[in-house]
Each structure stands twice: as C-alpha cells, then as structure tokens.
Amino acid sequence: MAWFKKTAVTSSDPSKKVKIPEGLWVKCADCKEIVYRKEFEKNLKVCPKCNYHSRIGVKERIALTTDAGSFVEIAVELQSCDPLDFTDTIAYKERILSNQSKAGLKDAVTAGTAAINKNPAVVAVMDFSFMGGSMGSAVGEKMVRAAEAAIEHRLPLIVFTSSGGARMQEGIFSLMQMAKVSAAVGRLKKYPLPYITVLTDPTFGGVSASFAMLGDIIIAEPKSLIGFAGARVIQQTINQQLPDDFQQAEFLLKKGLIDKVVHRKDLKTSIARLIRMLRGAPKNA
Amino acid sequence: MKIYLDFERPIEELELKIEELTQLSGTNGTGLESEITALRQRLQELRKEIFLGLSPWQKCQLARHPERPYTLDYIERITTEFTELHGDRRFADDPAIIAGFGMIDTIPVMIAGHQKGRGTKNRIIRNFGQPHPEGYRKALRIMKLAERFNLPIVTFVDTPGAFPGIGAEERGQSEAIATNLMEIFSIGVPIISIVIGEGGSGGALALSVADRLVMLEHSVYSVISPEGCTAILWSSGKVLNQDDYARAASALKMTAADLMAFNIIDAVIEEPQGGAHRDPAESAANVKRYILREIEKLRGIPVEQLIETRHQKFRNIGVYAENAGQVS
C-alpha cells in the first residue's frame with residue numbers, strides 16, 4: 001500500500017512546487033503556459049500561445065470598446081438587497097459588501113451611454129469578478145434600464161456578458177430576472193435598433209438562457225466557454241466523454257448558435273461596422 | 001401499492017390499521033364500526049397535522065412524489081377531446097413536453113406542460129420531465145397557433161430543469177429558453193401558468209411567463225434544486241446528506257407560501273388533504289375551477305392592456321437598493 005501513498009504525498013508537497021514571482025509572469029488559465037506579463041498585457045490579456053482571451057474587468061472593457069472619455073454611466077447606485085435573508089458559508093449581505101470592496105463595483109454589471117468609433121450606443125458590461133457575474137435583482141434591473149435607455153434615446157444596445165448564471169442567494173428573484181430582461185429585450189426589438197451581444201468567458205445558465213442568446217447579432221471572444229449547463233453537470237448526468245472543444249465559442253459557431261468569433265483587438269471595429277451598416281440604410285420614399 | 005414518503009409513515013400505519021379492521025368487520029360483522037370511524041377521524045387529524053407542518057424539504061419531496069399527478073393526469077381530468085400535437089418542425093418531438101388543444105367545459109384552450117413519466121420505462125421516454133430545446137420550440141410554436149385562433153393558454157409546470165446534455169447544448173438549449181421567455185411576453189391571448197409539482201429553474205420558467213402564475217399548495221419553485229445549491233455553496237468536498245438538503249431548501253424559500261409572500265405568484269391552489277396524489281380528481285377539480293374563473297376575467301381585458309399588464313408584472317419583480325448607502 002505504501003508506494004502510491006508516497007507518490008500522492010510528494011506530488012502535493014507545496015515546498016516542491018515551482019515558485020513563480022508575483023507580478024512578472026502570468027499563467028494562462030487555459031493552456032497553463034507561463035507568459036511574460038508585459039507581453040500578455042500588450043496583447044490585451046490574450047494568451048500569445050493559445051489565443052485564450054482571459055477575463056477582463058469593466059474598466060478595461062470600456063477602455064477597449066468605447067471612445068476615450070465617452071462613457072457616461074447610468075443607474076450608478078443600483079445594488080442588490082437580501083430578500084431571502086440568505087446565508088451560505090457567510091451571510092449574503094456580507095458577501096455583497098466584500099465583493100463590492102474587492103471588485104470596486106456595486107454589482108456585476110455596469111451600464112452607460114458611450115460612443116464606439118463615433119457611433120453612439122448604450123453599452124452594458126458584466127464583470128465576472130463580482131460574484132461570478134451572477135444575475136440577481138440589481139443586474140436584472142440594470143439590464144432592463146439599459147434596454148429602456150436604448151429605446152428612449154433610439155440607440156443600439158451592446159452587451160458584454162460574463163456570468164456563471166443566476167445568483168442563487170436571491171432565489172426565485174434571480175430566476176425571474178431572466179424573464180424580466182428578456183421582456184425588455186423583446187420591447188427593444190420592436191424598434192430598428194441593433195442589439196448586439198458579445199459573449200465572453202464564461203457565459204452560462206440564466207444569463208446565457210436570457211439576454212445573451214437573444215442578440216440580433218451574437219459575437220463571442222475566441223475560446224470563451226458558453227452554454228446552458230456547466231460541463232461538470234453534463235458529465236455527471238450523461239456519464240459520457242464530452243467533445244474536446246465542447247461549449248467553446250468555436251464549437252457554438254460550428255453548431256450555428258452564434259454569428260461570429262472575433263478577436264478582442266478587433267471587437268471595437270467589428271461592432272462599430274455592424275452598427276453603421278444596420279443603421280445606415282436610406283429610408284424608403 | 002401506494003408509495004409513502006418518510007414523513008407519511010404514521011399515515012401509512014393508520015391507513016393499514018383501518019384497512020385491517022374494515023376487512024375484519026366485513027367478514028365477522030362484529031361491532032368494530034365505531035372504532036373504525038374513530039380511526040378515520042384520527043387519520044384526518046393526523047394528515048392535517050403532518051401536512052400543515054411540512055418543512056420546505058418535505059414539500060420538495062412531495063412535489064416530486066412519484067404518484068403526484070402530472071400534466072397528462074390533469075389534462076385527462078379537466079379537458080375533453082384533448083388533441084396532442086407534436087414536433088418543433090426543426091429537429092424532433094420532445095416527449096418531455098406535452099402540447100395540444102382541448103376543451104375545458106365549453107372553452108377550447110391550448111395546453112402545454114412538462115411531462116414526467118410514471119414507471120421506469122415511461123420515465124426514460126419522458127426524460128424525467130427534462131426538456132430538450134425542441135420541447136420549448138414545440139410549445140412556443142403551438143402557443144403562437146393558439147394566439148392566431150384567439151384561444152387561451154394554460155401551462156403546467158413540472159420539471160427538475162431543462163436537460164443538461166450534449167445534444168441539448170448543440171441545439172441551443174439557452175437560445176430556446178431565452179426565445180420562449182421573450183416571445184411569450186407578446187402573445188396576445190390570456191395565459192395561465194400553474195406549477196403542479198417541481199418548478200426547476202430556467203427549464204420551468206420557459207413555460208411560466210403568464211398573466212396568472214400560480215402554484216399548487218405543495219409544489220415548489222426555485223432557481224436551483226436544494227441538491228444543486230448545496231453542492232455549490234456548502235459542499236467543500238464532504239458527502240452531503242438529507243440535513244444539508246433540508247437546510248438549502250429552507251434557505252432558498254421555494255414553497256408556494258414563500259412565493260406568495262414575495263408577491264411572485266398570484267394565488268395558491270389548495271390541494272386535497274394528504275396532497276394532490278391522494279385525490280387527483282379533487283386536485284384536478286380545484287385546478288379546473290381556478291382556470292375557468294381566471295379565463296373569464298382575463299378574456300374581458302383588451303389585448304394591448306393584457307400584454308402591458310403582463311410586461312409590468314415581471315418588470316416590477318426584483319428587490320434592489322438605489323442609494324449611495326449600504327445594503328439594507
């Protein structure tokens with residue numbers, strides 16, 4: 001019995017692990033390659049080896065996608081409450097507070113008006129670092145406000161998704177946000193206003209099964225994982241090997257579920273071009 | 001052979017005793033009648049006692065009770081001439097969702113509902129009530145047909161959730177659910193949605209955008225199952241047990257009474273004593289009465305107003321703060 005026990009001990013010995021100095025290098029979350037941080041950042045946090053588009057925050061996304069200084073935030077103070085009086089390992093109220101200070105955000109989505117290569121639009125950006133980008137009442141309400149702002153000002157709506165799904169801590173309220181936001185998107189679609197969703201890693205569950213997959217045009221960043229159920233749940237349910245590229249953006253493209261896979265560096269140009277063409281048709285006499 | 005859940009054991013014992021005595025008195029004609037009557041009374045009280053004090057986790061088990069009436073059991077009891085329609089016209093027919101037209105008294109209605117199977121073989125055919133995308137697409141297709149012919153729609157919600165599988169993902173489970181959510185908001189006929197058993201997450205929601213969203217007394221409706229919630233929030237590697245699930249079920253506030261208190265649902269439909277499975281006919285009668293009464297009310301509302309009210313009903317769901325201060 002001794003031989004395998006010993007192996008297990010050595011492999012998990014923390015002192016034997018290679019220590020990577022903080023800051024100078026980053027490890028790609030996908031291919032595990034160690035990349036020089038400067039090169040990684042210059043490449044917009046896309047792994048130069050495997051092209052995995054690592055998760056980025058709201059500020060970075062806005063800087064990448066909108067014209068400098070054009071973003072004007074709406075519904076700035078919206079934040080979730082705790083209608084269920086929910087406690088998991090810590091109280092939900094505390095979890096909100098700690099996520100707010102950690103992420104520097106009120107909740108998992110930020111929205112506002114902005115210009116994209118001079119095309120005015122309403123832009124909403126989800127941030128996975130705030131409770132896994134999960135959708136509770138605050139996210140649902142802000143998404144609806146974004147859609148309503150788009151209708152009010154006759155602007156396109158551009159949404160960047162990144163979410164594990166509904167926020168369990170808000171129970172049925174979080175589930176109902178799926179219907180609420182989908183209804184708002186339905187209203188938007190009664191107008192000739194482009195609704196473009198950009199799915200980034202990861203987009204799952206309640207967000208995927210509501211406003212993410214309702215885009216008039218659906219774009220995804222390369223290698224982003226996108227789906228309804230997580231791969232682990234699927235694996236446990238069906239007990240089969242999943243395809244290698246299962247739920248990757250390229251897999252969804254092949255299956256006809258999304259329109260385009262676009263590299264992060266080209267997103268702004270792509271979105272601006274689509275807005276310009278969709279809105280540029282001369283009116284019939 | 002009836003199936004009893006753990007908390008129903010005292011009821012089972014008493015029922016067996018009554019049965020024994022009834023048989024004895026039948027053969028001998030001895031004066032056991034008064035004792036039987038007393039026991040029957042005791043049974044009524046016991047049922048009432050047990051069912052009034054059910055914990056959320058017990059309700060969850062009751063909602064999944066293998067003898068609980070399913071969509072087809074209600075259709076059979078409340079409609080005549082039910083005509084099932086099949087297929088999404090894209091890929092396949094999904095046996096986990098039933099859709100079709102039938103008469104409730106003199107009113108033709110469209111009905112869609114999740115269907116769990118009874119018995120191992122049927123359970124597998126129905127995929128345990130877990131739809132694939134084509135199930136949702138079928139339901140929407142026939143709902144739109146109902147709209148064209150101005151027929152009210154009734155949906156029965158009873159699913160552990162939309163199916164997590166390779167085919168479901170490949171064919172756009174997310175897109176199918178999302179499209180239903182969006183499109184049903186603009187369907188211009190009255191829609192009544194009744195949670196009859198398990199309201200499991202997005203897969204349930206895709207059939208429950210409605211003018212009236214109601215639940216049977218012992219049904220549940222939640223963003224995630226207690227098991228799923230426990231695995232994600234509390235597991236940290238340990239083996240989970242009933243107590244863990246019970247804790248999650250309570251924390252999720254998933255009972256009809258909870259959702260009524262949250263103002264998410266419009267009504268709770270009473271179940272027969274001992275739960276819907278102890279008297280499916282009475283349960284169906286309660287459901288039918290509710291449907292007929294509400295169709296009558298909803299039919300009088302002009303279409304635009306109907307749609308606007310439906311929209312506002314969901315538009316207003318959510319609890320959030322909007323001041324610079326802290327979480328309340």
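Protein sequences appear in the order of chains G and D. Final position of the first sequence in full-length UniProt numbering is 285; the numbers increase by one with none missing. Final position of the second sequence in full-length UniProt numbering is 328; the numbers increase by one with none missing. Just so it is clear, CB atoms sit at the ideal spot from N, CA and C, and this is done for glycine as well.
Excluding five sequence neighbours on each side, which residues of the same chain lie with their C-beta closer than 6 Å to the C-beta of residue i?
i	result
valine 327/D	The pLDDT assigned to valine 327/D is 48, lower than 50, so where the model puts this residue is not dependable, and the model offers no usable value.
isoleucine 184/D	Val209
tyrosine 52/G	Cys28, Asp30, Lys223
valine 125/G	Val58, Arg61, Thr110, Phe160
glycine 197/D	Ala63, Arg68, Asp158, Ser219
Apart from the five residues on each side of it in sequence, which residues of its chain come closer than 7 Å, Cβ to Cβ, to residue i?
i	result
asparagine 150/D	Val189
serine 70/G	Ala114, Ala115
aspartate 216/G	Pro194, Tyr195, Ile196
isoleucine 317/D	Ile264
alanine 75/G	Ala111, Lys142, Arg145
Please classify residue i as buried or exposed, where buried requires at least 16 neighbouring CB atoms within 10 angstroms.
i	result
residue 286/G	Residue 286/G falls outside the range modelled here, since chain G spans only 1 to 285, and no answer is possible.
glycine 31/D	exposed
lysine 180/G	buried
cysteine 31/G	exposed
valine 36/G	First, the residue type needs correcting, since residue 36/G is tyrosine and not valine in the sequence shown. Looking at its Cβ environment, which holds fewer than 16 other Cβ atoms inside 10 Å, tyrosine 36/G is exposed.
serine 46/G	Checking the sequence, you will find valine at residue 46/G rather than serine. Flag for valine 46/G reads buried.
residue 294/G	Nothing can be reported for residue 294/G: it is not among the residues displayed for chain G, which extend from 1 to 285.
arginine 310/D	buried
valine 139/G	buried
leucine 24/D	exposed
isoleucine 258/G	buried
lysine 6/G	Reliability fails at lysine 6/G, whose pLDDT of 46 lies under 50, so the model's placement of it is uncertain and the value that follows must be treated cautiously. With fewer than 16 Cβ atoms within 10 Å of its Cβ, lysine 6/G is classed as exposed.
Along chain G, which residues have their Cβ under 7 Å away from the Cβ of residue i?
i	result
phenylalanine 82/D	Here the premise fails: no neighbours, minimum Cβ distance about 28 Å.
serine 186/D	Gly186
isoleucine 177/D	Ala209
methionine 215/D	Residues of chain G passing the Cβ test: none, with the nearest at roughly 11 Å.
leucine 181/D	Met178, Ala179, Ser182, Ser210
Kindly indicate if chain G contains any beta-carbon less than 8 Å away from that of residue i.
i	result
proline 164/D	yes
isoleucine 125/D	no
histidine 277/D	no
lysine 2/D	no
glutamate 8/D	no
valine 239/D	no
methionine 143/D	no
methionine 110/D	no
alanine 168/D	yes
leucine 306/D	no
Please confirm whether residue i has its beta-carbon closer than 8 Å to some beta-carbon of chain D.
i	result
isoleucine 34/G	no
phenylalanine 86/G	yes
glutamine 177/G	yes
valine 58/G	no
glutamine 247/G	yes
isoleucine 271/G	no
phenylalanine 160/G	no
glutamate 152/G	no
phenylalanine 173/G	yes
valine 9/G	At valine 9/G, the pLDDT of 44 sits below 50, so the modelled position is not reliable; the number obtained from the coordinates is stated separately. So no, valine 9/G is outside the interface.
threonine 200/G	no
Along chain G, which residues have their Cβ under 9 Å away from the Cβ of residue i?
i	result
arginine 315/D	Val144, Lys180, Ala183, Ala184
glycine 172/D	Met213, Phe228, Leu252, Lys255, Gly256, Leu257
Which chain D residues are close to residue i, counting only those with a beta carbon under 8 Å from its beta carbon?
i	result
methionine 168/G	Val223, Ile224, Cys229, Ile232, Leu233, Leu252
phenylalanine 40/G	Correct list: empty, because the minimum Cβ distance to chain D is about 30 Å.
glutamine 79/G	Tyr320, Ala321, Glu322, Val327
proline 83/G	Phe262, Val319
valine 109/G	What valine 109/G touches in chain D: nothing, since even the nearest Cβ is about 12 Å away.
Under 8 Å Cβ to Cβ from residue i, same chain only, skipping five residues before and after it: list those, please.
i	result
valine 214/D	Ile192, Ser193, Ile194, Val195, Ile265, Asp266, Ala267, Val268, Ile269, Tyr290
glycine 161/D	Gln130, Gly200, Ser201, Gly202, Gly203, Ala204, Ser225
lysine 93/G	Asp82
glutamate 39/G	Pro48
aspartate 266/G	none
isoleucine 11/D	Tyr4, Leu43, Leu46, Arg47, Ile50, Gly274
Against residue i, what residues of chain D qualify as contacts under a CB-to-CB distance less than 7 Å, listed in chain order?
i	result
glycine 206/G	Gly202
Closer than 7 Å to a non-hydrogen atom of the ligand MN - does that hold for the CB of residue i?
i	result
alanine 183/G	Ligands displayed in this structure: none; no statement on the ligand MN is therefore possible.
Chain G partners of residue i, CB-CB under 8 Å?
i	result
histidine 311/D	Ala183, Arg187
- prompt: If we count Cβ pairs, one from each stretch, closer than 8 Å, do we get three or more for the segment 223–236 of chain D versus the segment 64–71 of chain D?
  reply: no
message: Taking 8 Å as the cut-off, does the segment 134–146 of chain D touch the segment 165–177 of chain D (at least 3 CB pairs, one atom from each stretch)?
response: yes
Touching by the beta-carbon criterion (3+ pairs, under 8 Å), the segment 69–83 of chain D and the segment 96–106 of chain D: Put simply, the segment 69–83 of chain D touches the segment 96–106 of chain D. At least three CB pairs are less than 8 Å apart.
task: Would you be able to state if there are at least three C-beta pairs under 8 Å between the segment 181–196 of chain G and the segment 150–157 of chain G?
output: yes
- prompt: Any chance the segment 75–93 of chain G sits against the segment 3–10 of chain D, with 3 or more Cβ pairs inside 8 Å?
  reply: They do not touch, by the three-pair rule.
message: Whether or not the segment 158–167 of chain G and the segment 241–248 of chain G are in contact is what I'm after, with contact meaning three or more pairs of Cβ atoms, one per stretch, closer than 8 Å; do they touch?
response: Not touching, per the Cβ criterion.
- request: Decide yes or no for the touch test of the segment 280–299 of chain D against the segment 247–262 of chain D: beta carbon pairs closer than 8 Å, at least 3 of them.
  value: no
message: Can you confirm whether the segment 41–53 of chain D touches the segment 230–239 of chain D when touching is taken to mean that 3 or more C-beta pairs between the two stretches lie within less than 8 Å?
response: no
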